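Undergrad: Quick note on numbering that gives the first Met the number 0: the sequence shown kicks off at 0 and runs consecutively.
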Amino acid sequence: MSKKCSVYLFLLFLLLAGGVTQAQTTITGTITDAKTGKTLPSANILIKNTYHGTITNTSGNFSLTIPDSLLPATLLVRYIGYQSTIRTINTKSASEQNFALQPSVTEMQEIVVTDEDPGVRIMREVISRKQQWHKKLNTYRADAYTRQRLANDTSIVSITESVSEIFWDKQQGHREVLKSKRQTANIKAGENFAGVSYLPNFYDDNVEIADFELVGVTHPKALDYYNFKLVGQTSLDNKTVFKIKVTPTRKLQPLFKGTVFVLKDKYALLEVKLTPNDVVNFPAPVKSFNLDYKQQFNNFGKSFWLPVDVRINGKIKISMIGLDFPKINFNQISRLTNYHVNTSLPDSLYRQDDLFSVDSTTIRSDSLLNDQINTVPLSEDEQQAYTTIDSSATLEKAFKPSGFLSGFVDNSEGNSTAGFFSFLNSVPGKITPDLRYNRVDQAYIGLKYKINLFEQLELHTNGGYSTGYEAWSYGGGAEWRWLNTDILQSSLGWNYHAETALQSPSYIYNPYILILPNLLGSRGYSDYYRSEGWRSFLEFGLPDKEWAISFGFNDQTETSLNTTTAYDFLNRDNFQTNRPIDEGQLHSIDITAGYNLDKRYNFGITGQKYLKFKFEHSSPTLGSDFDFNQYTTRLSWSFPTFYQRRFLPNTLDVNVRAGTYSGDLPPQKLGVVDVSLGGSSPFGTLKTAHRRPFRGSQYLSVNLEHNFRTVPFEAIGLHPLVERNISIILFGGAAKTWPQQPSQTSPSLLKTTDGVHWEIGASLNGILGLFRIDFATQIKQPSLSVTVSTARLF
0 MSKKCSVYLF LLFLLLAGGV TQAQTTITGT ITDAKTGKTL PSANILIKNT
50 YHGTITNTSG NFSLTIPDSL LPATLLVRYI GYQSTIRTIN TKSASEQNFA
100 LQPSVTEMQE IVVTDEDPGV RIMREVISRK QQWHKKLNTY RADAYTRQRL
150 ANDTSIVSIT ESVSEIFWDK QQGHREVLKS KRQTANIKAG ENFAGVSYLP
200 NFYDDNVEIA DFELVGVTHP KALDYYNFKL VGQTSLDNKT VFKIKVTPTR
250 KLQPLFKGTV FVLKDKYALL EVKLTPNDVV NFPAPVKSFN LDYKQQFNNF
300 GKSFWLPVDV RINGKIKISM IGLDFPKINF NQISRLTNYH VNTSLPDSLY
350 RQDDLFSVDS TTIRSDSLLN DQINTVPLSE DEQQAYTTID SSATLEKAFK
400 PSGFLSGFVD NSEGNSTAGF FSFLNSVPGK ITPDLRYNRV DQAYIGLKYK
450 INLFEQLELH TNGGYSTGYE AWSYGGGAEW RWLNTDILQS SLGWNYHAET
500 ALQSPSYIYN PYILILPNLL GSRGYSDYYR SEGWRSFLEF GLPDKEWAIS
550 FGFNDQTETS LNTTTAYDFL NRDNFQTNRP IDEGQLHSID ITAGYNLDKR
600 YNFGITGQKY LKFKFEHSSP TLGSDFDFNQ YTTRLSWSFP TFYQRRFLPN
650 TLDVNVRAGT YSGDLPPQKL GVVDVSLGGS SPFGTLKTAH RRPFRGSQYL
700 SVNLEHNFRT VPFEAIGLHP LVERNISIIL FGGAAKTWPQ QPSQTSPSLL
750 KTTDGVHWEI GASLNGILGL FRIDFATQIK QPSLSVTVST ARLF
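(1) Which complete beta strand (DSSP E) runs does the segment 593 to 666 hold, if anything under 3 residues is left out?
(2) Are the beta-carbon atoms of TYR338 and ALA141 separated by less than 8 Å?
(3) With C-beta atoms as the reference, is THR49 less than 8 Å away from PHE281?
(4) Near TYR527, which residues of its chain fall below 8 Å by C-beta distance, leaving aside the five closest residues on each side in sequence?
(5) Using only alpha-carbon positions, find the residue among ARG522, HIS718, VAL710 that is nearest to PRO692.
(6) Is GLY474 closer than 8 Å to PHE536 when the C-beta atoms are compared?
(7) Give the straight-line distance between the Cα atoms of ASN595 and ARG656, rounded to the nearest whole angstrom.
(8) Which class does ALA714 belong to by DSSP, given the choice of helix, strand or coil?
(9) Which of the three DSSP states, helix, strand or coil, is assigned to ILE725?
(10) Can you tell me which of the three DSSP states LEU720 falls into?
(11) Taking 8 Å as the threshold, find out whether the segment 304 to 316 comes into contact with the segment 221 to 237 through three or more Cβ pairs.
(12) Taking the straight line between their C-alpha atoms, what separation do you get for ILE778 and GLY683?
(13) Would you mind stating whether TYR698 and GLY670 have Cβ atoms separated by less than 8 Å?
(14) Beta-carbon separation of LYS47 and LEU75 under 8 Å?
(15) Mind checking which residues open and close the alpha helix (DSSP H) that includes TYR508?
(16) Helix, strand or coil for ARG86, going by three-state DSSP, please let me know.
(17) Terminal residues of the continuous beta strand (DSSP E) containing ILE514?
(18) Given this structure, state the Cα-to-Cα distance separating HIS718 from PRO711, to the nearest angstrom.
(19) From this set, LYS256, THR239, TYR202, which residue's C-alpha is nearest LYS228's C-alpha?
(20) With DSSP run on the structure shown, which of helix, strand or coil describes GLN777?
(21) What is the rounded straight-line gap between the Cα of PHE625 and the Cα of TYR495?
(22) Quickly, what does DSSP pair TRP479 with across the bridge? List them, please.
(23) So, under 8 Å CB-CB, ILE332 and ARG310 are touching, yes? Tell me the CB distance rounded to an integer number of Å.
(24) From this set, ARG123, THR24, THR159, GLN131, which residue's C-alpha is nearest SER94's C-alpha?
(25) Taking the C-alpha atoms as reference points, what is the distance between GLY754 and THR736?
(26) Report yes if the C-beta distance between ALA592 and PHE612 is below 8 Å; otherwise report no.
(27) When the Cα of ALA733 is compared with those of LYS750, TRP757, ARG723, GLU722, which residue comes out closest?
(28) Taking DSSP as the reference, what is the three-state secondary structure of ALA384?
(29) According to DSSP, simplified to helix, strand and coil, what is TRP737?
(30) Whole angstroms is fine: what's the gap from VAL653's alpha carbon to PHE638's?
(31) Only counting the same chain, and skipping five residues up and downstream in sequence, which positions put a Cβ closer than 7 Å to that of LEU792?
(32) Taking all protein chains shown into account, decide if LEU452 is buried (16 or more other Cβ within 10 angstroms of its Cβ) or exposed.
(33) Checking 8 Å against the spacing of the C-beta atoms, do ARG694 and LYS750 come in under that value?
(34) Quick check for students: name the residue ranges of the beta strand (DSSP E) that lie wholly in the segment 278 to 352, counting only runs of 3 or more.
(35) Of all the beta strand (DSSP E) runs that stay within the bounds of the segment 100 to 156, which reach a length of 3 or more residues?
(36) Between which two residues does the alpha helix (DSSP H) containing LYS396 stretch?
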């Protein structure tokens, strides 16, 4: 009996649930001009005395779902320049409801002529009233519908849609929960990012556009950034609407230009039509980035003016040497409705930093969209796109580039490893070549292999042969990530090696980079020795791995190596003695702590934030032949300075390296100050010193550079340079090394700074989008040094 009762209750629940989904009325129709019959895009359709409503599409068509609880409902249809109309909808009303709006009579208001444009006075009042009502707005939630469309020059390429619920808190910001989504067949569901969390509200003080922070037209200090000029009047329901032209007053700040419409009686924004100024641009390979925004506001008969839509049209052009992509046409429409103002929001939304989350109970299907609930109707072209686009019509095909490098882009769709090493694709794990050339190894040819046996355990091994001193190098190890919690992560590892090692290793020039200079006749930037032994370590880090600390123990035998070759392509025969080391058995413990320790040097292409402290101790107590303590540190940090509202603000980059010691430091442990190599001097090197680095048992180097971006050229109107993203960098550097003690090996082979090395200079950055030319001089001995290095791109 109980089983039958359960079945009955289940069936009853289904019936009730079905009744809930059907307890609504959907009406559709078209909004037109009563005189001309022209359709009115983005017209507002509201349910009077509620926060429910929608807008028309570009063809003037709309679809509105009305909950039965609101029936009979009074619809209010409005459009700037027209007389609003109302109509009552009940359960017996036809599903198709068309509206023809009468143009509203505009009575020009008398304007008092003063030294101040009336547009300034009007916007001053808009800003004042906004501050009054906005301070009472604490939270809201609303339903959102978003549709994004990509097209090339010939047709629509893809469409993505979403239905979501949005939340806003004055203190904690935006959150969005995705309810349902739909996309054309060539887009995977996981690639559908349509949403509104990242869309601007033009009533905000600051408006974020593509990582630029623009001063809004209702910002308290907007009058300092914009000229507002009254250029016309229209009306809404016979109420005056001011049309005001917006132009920036500061040409170096990211700002808007365009038009705003202000309702006179309320001194409130009804609509904005704005475009970012020319400051909002991007470095190569983005050739042009043009977006225009339209947004409407409504107070729904209440106190707060809230956005009802966002409409974006954009054209993006990507091009670089050898590659030219078709123009990307972007269109987005978002509609907001069913506001709940100053209501409590779920605490769970703000426990994490993610702005975007998914409602797993509804996202499994696109039923909400299929039922046309809370959507803006598709245009005929969009309906056809859904019908004709299949999974084979990929974005890669639609935006296939041209140019002499386009073949490499096409080949990237196939195997990532080609040619001789193509067989490596079939091997589990990752195999990479290991090659180098120097005056000790001569040619070294080897392989590296790494594999994750499971999520927590990684194994690696390597091997190769040096043709110079005719010896094999080999090694391997394991790392076990034994702890992974929300609070702390930890790993334990052990490595063995028998290999050629660098004396005083450079953090800028690794053995791969040194191959070309060595083959072109360099006397040799580094010195080498043979190291055989093992290392164990224990590392702890925060979950994001930004801050970490590790503890290690080293046991290795270190021996000197001799120069075996002076060969180079240019037959310079530049023989350079390989500096001998203090040989022996090294047993040491080390502690390394810092920020972003996993970040590798990037040659100054982008700003970095890196901090490292290292302490190493070796003594006979540990069974070592060496007795020393060494302390080293490295800091690399990028600070935004001027024009921080830009996507790429001006920046000050600082690089500091320092080291000291106590005891008897072996020569293979000396510190190094990097210099220019082969006519190249990336950030962190001394640009007026060449060939071999400075070394010392104690050392300090400081490099500073300030990137002014394109601002100086913008200020003086050199637009051709601005369009090519040519920028100005000023830099300076200082370094000092303290030489070894006389008891240490071969002091005559060391290059020291002989006091403090000072230098200053300037760079032209962004040459051909890839390079920078540095002009530098020493302060003690002025002489011009010109070097070329990789450009600062970001």
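Cβ coordinates follow ideal geometry from the N, Cα and C atoms, glycine included. Model, not experiment: these values are computed from the prediction.
TA: Per the coordinate set shown:
(1) 609 to 617, 626 to 639, 650 to 663
(2) yes
(3) Cβ atoms of THR49 and PHE281: not closer than 8 Å.
(4) ASN437, VAL439, ASP440, THR499, ALA500, LEU501, GLN502, LEU560, ASN577
(5) ARG522
(6) no
(7) 16 Å
(8) The three-state secondary structure of ALA714, taken from DSSP, is helix.
(9) coil
(10) helix
(11) no
(12) 18 Å
(13) yes
(14) Yes, Cβ-Cβ distance for LYS47 and LEU75 is below 8 Å.
(15) Per DSSP, TYR508 belongs to no alpha helix (DSSP H) and is neither H nor E.
(16) In the structure shown, the three-state DSSP call for ARG86 is strand.
(17) Premise fails: ILE514 lies in the alpha helix (DSSP H), 514 to 518, not in any beta strand (DSSP E).
(18) 11 Å
(19) LYS256
(20) strand
(21) Straight-line Cα distance between these residues: approximately 21 Å.
(22) LEU456, LEU491.
(23) About 5 Å separates the beta carbon of ILE332 from that of ARG310, a gap short enough to meet the 8 Å contact definition.
(24) Distance check between SER94 and each of ARG123, THR24, THR159, GLN131 places THR24 closest, using alpha-carbon atoms only.
(25) 8 Å
(26) yes
(27) Comparing Cα positions, the closest option is TRP757.
(28) helix
(29) strand
(30) 8 Å
(31) PRO282, ILE604, THR605
(32) It counts as exposed.
(33) yes
(34) 285 to 297, 308 to 319, 327 to 340
(35) 138 to 150
(36) 394 to 397 is the span of the alpha helix (DSSP H), which, as asked, contains LYS396.
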